[in-house]
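The sequence shown: position 165 = 164 (numbering that gives the first Met the number 0), numbered continuously. Cβ coordinates follow ideal geometry from the N, Cα and C atoms, glycine included. Here the structure comes first, spelled out in structure tokens, and everything after it is commentary.
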Amino acid sequence: MSNLERDPREIRCAAEAGAGSEVLTGREVPLGGPRAMLVSRTLPHVHRRMIGAWCFVDAYGPQRAAMRVPPHPHTGLQTVSWLLAGEVLHRDSVGTLQEIRPGQLNLMTAGRGIAHSEESPEAVLHGVQLWVALPGEHRHVGPGFEHHPALPVVSGTGFEATVVMGSLAGVTSPATAYSPLVGAQIAVGGVCEVPVDPGFEHGLLLLDGEVAELEPGALTYLPPGRSRVRLSGRGRVLLIGGEPFKEEIVMWWNFVGRSHDEIAAFRKEWMEGEGFGAVEGYDGEPLPAPVLPGTPLKPRGRVR
0 MSNLERDPRE
10 IRCAAEAGAG
20 SEVLTGREVP
30 LGGPRAMLVS
40 RTLPHVHRRM
50 IGAWCFVDAY
60 GPQRAAMRVP
70 PHPHTGLQTV
80 SWLLAGEVLH
90 RDSVGTLQEI
100 RPGQLNLMTA
110 GRGIAHSEES
120 PEAVLHGVQL
130 WVALPGEHRH
140 VGPGFEHHPA
150 LPVVSGTGFE
160 ATVVMGSLAG
170 VTSPATAYSP
180 LVGAQIAVGG
190 VCEVPVDPGF
200 EHGLLLLDGE
210 VAELEPGALT
220 YLPPGRSRVR
230 LSGRGRVLLI
240 GGEPFKEEIV
250 MWWNFVGRSH
260 DEIAAFRKEW
270 MEGEGFGAVE
280 GYDGEPLPAP
290 VLPGTPLKPR
300 GRVR
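So this is what it looks like as structure tokens:
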């Protein structure tokens, strides 16, 4: 999914949740025109830009909508598409045509550059779109796409977790990851303690149901040092995390880079060049890039 804002900017709200944790309240963002689908964006946040290598979190639905995201570019990141309801058709410039359904993973690695589109018939849609920033030594890898129709599951007292990316409790997803991280959907059924890597920072997003201390539409941040995450209630929760990302990045529109000049070059290539390739089969025009801001974009770390 694209960041379709015409004036890309960062969120300006934050709330403390105590004991080193934070509640990152989401910002409502329309994707597209006057009948746009609404998403709740919790990363990047004005105070906390990343959790591990995770740098972008949009949650949407359940709502009845028709997704229509025109061809647009990406660099320096991986897109992670996860559905709870509905179906979405992905096309990209490396020739992929792949539908995704609930419980399946679509993973696109942009690397040095890729373009893609997403669309769906009008239906109830419910899902999450996430980006993972690629570390410096891998950010120019060749573009690629993976579809994983089945993912490993780990369970314990009161929970069952589908491991979407990285590793959790000794279980590893088959999806390609370029830094130590975790992404998992946890079905909570009572009181549970989910084992996690104490070297990771983590985020918890309530997907549905009711789970104690998790607010709908907000991402709860947990600093490193925990070996278990305690949850209670009944519902589904998205867990993301990873080793704190040490590099400074520039993230603007659909690009992740390291400098203003690099982002400007990506934009110019998308608008004037052919380096991102073409998305075949989409009925419509590619998405034009917004105008760059008047002041230079600055590399920033994971926390302001």
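{"Check": "Contacting residues, own chain, Cβ-Cβ under 7 Å from phenylalanine 55 (five flanking each side not counted)", "Outcome": "Leu42, Pro43, Leu129 and Trp130"}
{"Check": "Euclidean distance between Cα positions of asparagine 253 and glycine 94", "Outcome": "20 Å"}
{"Check": "Sheet register partners of tyrosine 220 (DSSP bridge)", "Outcome": "Glu21 and Gly202"}
{"Check": "Proline 289 Cβ short of 7 Å to the ligand ATP heavy atom set", "Outcome": "As presented, the structure is devoid of all ligands, the ligand ATP included, so that no description of it is given."}
{"Check": "Option nearest glycine 182 by Cα separation, candidates Val163, Ala64, Tyr59 and Arg303", "Outcome": "Val163"}
{"Check": "Collapsed DSSP secondary structure at histidine 259 in the structure displayed", "Outcome": "helix"}
{"Check": "Assigned secondary structure, alanine 13 (DSSP; H/G/I helix, E/B strand, else coil)", "Outcome": "Because alanine 13 sits at a pLDDT of 29, beneath the cut-off of 50, its placement in the model cannot be relied upon, and the following sentence gives the value as read from the coordinates. Note: alanine 13 maps to coil in three-state DSSP."}
{"Check": "Paired residues, beta bridge with histidine 73 - DSSP", "Outcome": "Ile113"}
{"Check": "Backbone CA spacing between arginine 67 and threonine 156 [nearest angstrom]", "Outcome": "40 Å"}
{"Check": "Beta-carbon separation (whole angstroms), alanine 58 vs methionine 36, contact threshold 8 Å", "Outcome": "Alanine 58 to methionine 36, Cβ: 12 Å. No contact."}
{"Check": "Distance, leucine 83 Cα to serine 39 Cα", "Outcome": "15 Å"}
{"Check": "8 Å Cβ cutoff met for serine 226 and valine 193", "Outcome": "no"}
{"Check": "Cβ distance (whole Å) where leucine 96 is taken to contact glutamate 118 below 8 Å", "Outcome": "With a Cβ gap of about 11 Å, leucine 96 and glutamate 118 do not count as contacting."}
{"Check": "Assigned exposure category for glycine 60 - 16 Cβ within 10 Å defines buried", "Outcome": "buried"}
{"Check": "Beta-carbon gap between serine 92 and glycine 272 smaller than 8 Å", "Outcome": "no"}
{"Check": "CB-CB length for phenylalanine 199 against proline 223, believed under 8 Å", "Outcome": "6 Å"}
{"Check": "Contiguous alpha helix (DSSP H) assignments of at least 4 residues, all confined to the segment 225 to 282", "Outcome": "259 to 271"}
{"Check": "Close Cβ partners of tyrosine 281 (< 8 Å) along its chain, the five nearest in sequence each way excluded", "Outcome": "Pro69, Pro70, Arg90, Ser116 and Glu118"}
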